[in-house]
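Peer 1:
Residue numbers (the numbering used here): 452 to 644.
(1) According to DSSP, is residue 490 helix, strand or coil?
(2) Since residue 594 contacts residue 570 with CB under 8 Å, what's their CB separation in whole angstroms?
(3) Per DSSP, what kind of secondary structure is residue 505 in: helix, strand or coil?
(4) According to DSSP, simplified to helix, strand and coil, what is residue 574?
(5) According to DSSP, is residue 559 part of a helix, a strand, or is it coil?
(6) Taking C-beta to C-beta, are residue 615 and residue 601 nearer than 8 Å?
(7) Take residue 482 as the anchor and find which of 557, 567 and 499 has the nearest alpha-carbon.
(8) Can you name, in chain order, every residue of its own chain whose Cβ lies under 7 Å from the Cβ of residue 492, other than the five neighbours on each side?
(9) Please state the DSSP three-state secondary structure of residue 499.
(10) Measuring straight from C-alpha to C-alpha, what distance separates residue 576 and residue 606?
(11) Taking all protein chains shown into account, do 16 or more other C-beta atoms lie within 10 angstroms of the C-beta of residue 510, making it buried, or fewer, making it exposed?
(12) Which residues in the same chain have their Cβ closer than 8 Å to the Cβ of residue 537, if we skip the five residues on either side of it in sequence?
(13) Near residue 513, what residues of its chain come up, given a Cβ to Cβ distance below 6 Å and the 5 sequence neighbours on each side ignored?
(14) Just the Cα atoms here: how many angstroms apart are residue 484 and residue 515?
(15) If you drop the 5 nearest sequence neighbours on each side, which residues of the same chain put their C-beta closer than 7 Å to that of residue 544?
(16) Using only CA atoms, which one of 505, 622 and 494 lies nearest to residue 467?
(17) So, helix, strand or coil for residue 513, using DSSP?
(18) Can you grab the Cα-Cα spacing for the pair residue 503 / residue 488, in whole Å?
Here is the structure:
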């Protein structure tokens with residue numbers, strides 16, 4: 452049975468009601484029935500009990516005001532499957548301009564880095580997203596435990612990664628911040644370690 456190419460199911464699933472339990476048996480979540488093999492489950496989906504429960508569910512959703520059309524093949528509203536696979540196909544326009552500066556807190560003598568990135572062609576409502584990634588989750592370079600990566604992304608630009616020392620980051624609000632200035636479409640991020 453094809454478990455992974457059914458609409459409306461997560462990876463490894465076999466439809467919205469098909470579930471393989473920890474014992475290895477197959478369950479129908481709609482009817483709460485257990486089947487010993489996938490052929491038995493397929494026969495069940497064509498049977499009276501399953502079809503009655505599908506009709507009962509559709510009637511209940513209709514009564515509750517959910518007047519969406521239900522796809523009989525998947526049991527999901529029409530358009531949900533298309534919405535799950537829809538992805539923006541934006542053309543990346545290159546890397547943003549950037550500037551990196553080393554900082555030192557005058558009071559605590561704590562070292563830090565200031566990253567300034569320019570996104571002149573980004574939409575006004577786009578706020579760059581950033582995250583810190585350890586060396587073992589990235590796949591661009593060989594993992595080195597002495598470094599971690601700061602990734603900054605904003606559409607339609609490519610994601611930019613900065614290799615920084617793998618020290619503990621000071622995550623207090625006064626030590627770490629990010630901001631965006633809408634006039635020049637600049638983005639800044641400061642990180643102290």
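Ideal placement from N, C-alpha and C gives every residue a C-beta, glycine not left out.
Please read these numbers as outputs of a predicted model, since none were measured by experiment.
Peer 2: Short version:
(1) helix
(2) Actually they are not in contact, since the Cβ atoms of residue 594 and residue 570 sit about 30 Å apart, beyond 8 Å.
(3) helix
(4) coil
(5) coil
(6) yes
(7) 499
(8) 469, 477, 479 and 486
(9) helix
(10) 11 Å
(11) exposed
(12) Caution is warranted here: a pLDDT of 49 is assigned to residue 537, below 50, making its placement in the model unreliable, and the coordinate value is therefore given only provisionally. If we look at residue 537 and ignore the five residues flanking it on each side, it has no Cβ neighbours.
(13) none
(14) 26 Å
(15) 572, 607 and 608
(16) 505
(17) helix
(18) 22 Å
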